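K.L.:
The following block contains the structure, expressed as structure tokens.
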Amino acid sequence: MTAYLVALRAIVLREMLRFVHQRSRFLSALVRPLVWLVIFAAGFRAALGVSIIPPYQTYITYEVYIVPGLCGMIQLFNGMQSSLSLVYDQEMGSMRLLLTSRLPRTWLLFCKLLAGTAVSILQVYVFLALAAAFGIAMPPLGYLYVLPALVLSGLMLGALGLLISSTIRQLENFAGVMNFVIFPMFFMSSALYPLWKMAESSPLLRDICAANPFTHAVELIRFALYESVNLWALIWVVAAFAVFLVGALIGYDPARGLIRK
Amino acid sequence: MKALSVRNVSYRFGAKVALDDVSFDLEVGRFAALLGPNGAGKSTLFALLTRLLVTRQGQIFVAGFDVRAAPRAALARIGVVFQQSTLDLDMTVARNLSYFAALQGLSGAAAQASIDAALDRLDMRERAGETVRALNGGHRRRMEIARALVHGPEVLLLDEPTVGLDTASRRAITAHVHDLAEDGLTVLWATHLVDEIRPTDDVVVLHKGRVLTHQPAAEIACSGDLGDAFIAMTGEGGRQ
Numbered sequence: 001m002t003a004y005l006v007a008l009r010a011i012v013l014r015e016m017l018r019f020v021h022q023r024s025r026f027l028s029a030l031v032r033p034l035v036w037l038v039i040f041a042a043g044f045r046a047a048l049g050v051s052i053i054p055p056y057q058t059y060i061t062y063e064v065y066i067v068p069g070l071c072g073m074i075q076l077f078n079g080m081q082s083s084l085s086l087v088y089d090q091e092m093g094s095m096r097l098l099l100t101s102r103l104p105r106t107w108l109l110f111c112k113l114l115a116g117t118a119v120s121i122l123q124v125y126v127f128l129a130l131a132a133a134f135g136i137a138m139p140p141l142g143y144l145y146v147l148p149a150l151v152l153s154g155l156m157l158g159a160l161g162l163l164i165s166s167t168i169r170q171l172e173n174f175a176g177v178m179n180f181v182i183f184p185m186f187f188m189s190s191a192l193y194p195l196w197k198m199a200e201s202s203p204l205l206r207d208i209c210a211a212n213p214f215t216h217a218v219e220l221i222r223f224a225l226y227e228s229v230n231l232w233a234l235i236w237v238v239a240a241f242a243v244f245l246v247g248a249l250i251g252y253d254p255a256r257g258l259i260r261k
Numbered sequence: 001m002k003a004l005s006v007r008n009v010s011y012r013f014g015a016k017v018a019l020d021d022v023s024f025d026l027e028v029g030r031f032a033a034l035l036g037p038n039g040a041g042k043s044t045l046f047a048l049l050t051r052l053l054v055t056r057q058g059q060i061f062v063a064g065f066d067v068r069a070a071p072r073a074a075l076a077r078i079g080v081v082f083q084q085s086t087l088d089l090d091m092t093v094a095r096n097l098s099y100f101a102a103l104q105g106l107s108g109a110a111a112q113a114s115i116d117a118a119l120d121r122l123d124m125r126e127r128a129g130e131t132v133r134a135l136n137g138g139h140r141r142r143m144e145i146a147r148a149l150v151h152g153p154e155v156l157l158l159d160e161p162t163v164g165l166d167t168a169s170r171r172a173i174t175a176h177v178h179d180l181a182e183d184g185l186t187v188l189w190a191t192h193l194v195d196e197i198r199p200t201d202d203v204v205v206l207h208k209g210r211v212l213t214h215q216p217a218a219e220i221a222c223s224g225d226l227g228d229a230f231i232a233m234t235g236e237g238g239r240q
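Here the protein sequences come in this chain order: A and B.
If you're matching positions, the first sequence starts at 1 in the UniProt record's numbering and goes up one per residue.
If you're matching positions, the second sequence starts at 1 in the UniProt record's numbering and goes up one per residue.
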């Protein structure tokens, strides 16, 4: 195994172990989407019927519609949380250790993003299993096809988190990120309502939603869960990942917090 | 060839000058104390040595490799112990070390052999199976020093490694690292405590970003007390 893969494996394994050890984080990561699925969606079910739009081939209930969006939400929260921890307190020391390695820094940061993504995928699969237990099952192969989609969307959201936490000093706590990044991205997307519904109330809002990379992450996941590929969403997610990654690598300051000023 | 060579290095944070034309060389196998009061620029210098910061003014060579031009070759030859502890508390000593080895690209039997050797050098082998949380402060530090040796560096950098430790642990760690230097490792030990320095050690006195002197401790003390000489030089205290 080459040195690069050795480092990748170690970083991903460490992240997984840390996550499994942190029971409260694990629980809240699961409870959050379940609350949306079981309570919010049940309440909304009567108010919002979803007609037949791709990739669905029949009428679906609101609970079914919302599942891919909640998978995206898990990754959105996780991406922001793990990237924030890279830049601020919790992980700053271990990042310093990482960055004094002889391997290229860009590779090590990429490994970190991939590790965060792996953790988010673990959460998504547990959530999908629970959703299935509640009677919301996907086509069997969908569970397999969704994996590459989750890798891409997880990387994209992690890179966005790293970009934001490296460049915007004001957003140094999770509450700030939640108000100014997570909520707007989540609500202005196709996670909770299809874009055509949005267009009925405001075409401008619909256009904003269509430009939101999170919308494309959700659609990529949604189509993959139904065994198909949304090519446009795929292109959007990959392009957004590339832009966010380059920005994050440029903006990341390895010496942050090291010098008392 | 010098183990470590710092030439005309300057660094500023905005208008504030952190380092001003700093130059010194360390011979292979020397224990050098980087002695300076708080705020002298020690941490800035460490960040430059480990390439967490980069400056265009001046050059730094580690075992002949320019940190700016050949960063990976230079970093491969440096072992670092940061002031702030960087351990996974819930993992065992062995796991912490094998994680670090993997970050350096080492795995399998080769990694295990160098981990064992590093733990032996710090008398920490029997603690390999304990979680870090169960170790006291002194043993945690020793583990971090062992970790910094896993990839076989030629230069060991320690940034105030005894901060927060009791006297016995401080003495033990200072003695361990002096032993490492006797075995041929070059050590740069940042501190503001003169009692960690032996008369034969090199001392680089850093004050307000400038090198005031670089000579053996005995010569700086010149048959007096190193602490007094240090205070006379900097006008600040050097005792705990």
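Using N, Cα and C, we set each Cβ at its ideal position, and we do this for glycine too.
Here the structure is a predicted model, which is why all the values come from computation and not from measurement.
Excluding the five sequence neighbours on either side, which residues of its own chain have a C-beta within less than 8 Å of the C-beta of A/K261, listed in chain order?
P.N.:
The predicted position of A/K261 is uncertain, since its pLDDT is 42 and thus under 50; a value taken from the coordinates is nonetheless stated next. Correct list: empty, nothing qualifies.
K.L.:
Closer than 6 Å by C-beta to B/H214: which residues in its own chain qualify, once you throw out the five before and the five after it? Chain order, please.
P.N.:
Hits under 6 Å: F24 and V204.
K.L.:
Compute the distance between the beta-carbons of residue 286 of chain A and A/L30, then report whether it is under 8 Å.
P.N.:
Here chain A has residues from 1 to 261 only, and residue 286 of chain A is not among them.
K.L.:
Counting pairs of beta carbons, one from the region 36 to 46 of chain A and one from the region 58 to 65 of chain A, are three or more of them closer than 8 Å?
P.N.:
Verdict: yes, contact present.
K.L.:
Measuring CA to CA, which of B/P153, B/H151, B/G152 and B/A128 is closest to B/R142?
P.N.:
Per the Cα distances, B/A128.
K.L.:
Looking only at its own chain, which residues have a Cβ that is under 8 Å from the Cβ of B/N136, when we skip the five neighbours before and after it?
P.N.:
Closer than 8 Å at Cβ, skipping near neighbours: S169.
K.L.:
Can you tell me which of the three DSSP states B/H151 falls into?
P.N.:
Three-state DSSP puts B/H151 in coil, outside helix and strand.
K.L.:
Is the beta carbon of B/L106 closer than 8 Å to that of B/H151?
P.N.:
Yes, the pair counts as a contact, with Cβ atoms nearer than the cut-off.
K.L.:
Within 10 angstroms of its Cβ, does A/P68 collect 16 or more other Cβ (buried), or is it exposed?
P.N.:
Counting Cβ neighbours within 10 Å, A/P68 comes out buried, since at least 16 surround it.
K.L.:
Pick out the complete alpha helix (DSSP H) segments inside the region 73 to 149 of chain A, 4 residues or longer, and give them in chain order.
P.N.:
Segments of the alpha helix (DSSP H) lying fully in the region 73 to 149 of chain A: 89 to 99 and 105 to 133.
K.L.:
Check whether the region 14 to 34 of chain B and the region 189 to 198 of chain A are in contact - that is, three or more C-beta pairs closer than 8 Å.
P.N.:
No, because fewer than three Cβ pairs between the region 14 to 34 of chain B and the region 189 to 198 of chain A fall closer than 8 Å, the two stretches do not touch.
K.L.:
Between B/I78 and B/V54, how many whole angstroms is the CB-CB distance? I'm expecting something under 8 Å.
P.N.:
Contact flag wrong, Cβ pair sits at about 15 Å.
K.L.:
Would B/M1 be called buried (16 or more neighbouring beta carbons within 10 Å of its own) or exposed?
P.N.:
Exposed: under 16 other Cβ atoms inside 10 Å.
K.L.:
Looking at chain A, is there any beta carbon in it that lies within less than 8 Å of the beta carbon of B/S10?
P.N.:
With 8 Å as the cut-off, B/S10 does not count as an interface residue toward chain A.
K.L.:
Measuring CB to CB, does A/L162 end up less than 8 Å from A/L113?
P.N.:
Yes, they are a contact pair.
K.L.:
So what does DSSP say about B/D90, is it helix, strand or coil?
P.N.:
If DSSP states are grouped into helix, strand and coil, B/D90 belongs with coil.
K.L.:
For a contact defined as C-beta to C-beta under 8 Å, what are the partners of B/I78 on chain A?
P.N.:
By Cβ distance, chain A contributes T100.
K.L.:
State yes or no: is the beta carbon of B/D90 nearer than 8 Å to at least one beta carbon in chain A?
P.N.:
Yes, B/D90 counts as interfacial toward chain A.
K.L.:
What does the alpha-carbon distance come out to for the pair A/E237 and A/A217?
P.N.:
In the sequence on display, residue 237 of chain A carries Val and not Glu. Going by the C-alpha atoms only, they are around 6 Å apart.
K.L.:
Cβ closer than 8 Å: which chain A residues qualify as neighbours of B/F100?
P.N.:
Within 8 Å Cβ-Cβ: L97.
K.L.:
Find out if the Cβ-Cβ distance for the pair B/R140, B/S223 is shorter than 8 Å.
P.N.:
Contact: no.
K.L.:
Buried or exposed: A/E15, going by 16 or more other Cβ atoms within 10 Å of its Cβ?
P.N.:
With 16 or more other Cβ atoms within 10 Å, it is buried.
K.L.:
From the beta carbon of A/S94, is the nearest beta carbon of chain B less than 8 Å away?
P.N.:
Closer than 8 Å to some Cβ of chain B, the Cβ of A/S94 qualifies, so yes.
K.L.:
A/A118 touches chain B at which residues, Cβ-Cβ below 7 Å?
P.N.:
Neighbours of A/A118 on chain B: none; closest Cβ ~16 Å, over 7 Å.
K.L.:
Within 10 angstroms of the Cβ of A/A10, are there 16 or more other Cβ atoms? Answer buried if so, exposed if not.
P.N.:
Buried, since its Cβ has 16 or more Cβ neighbours within 10 Å.
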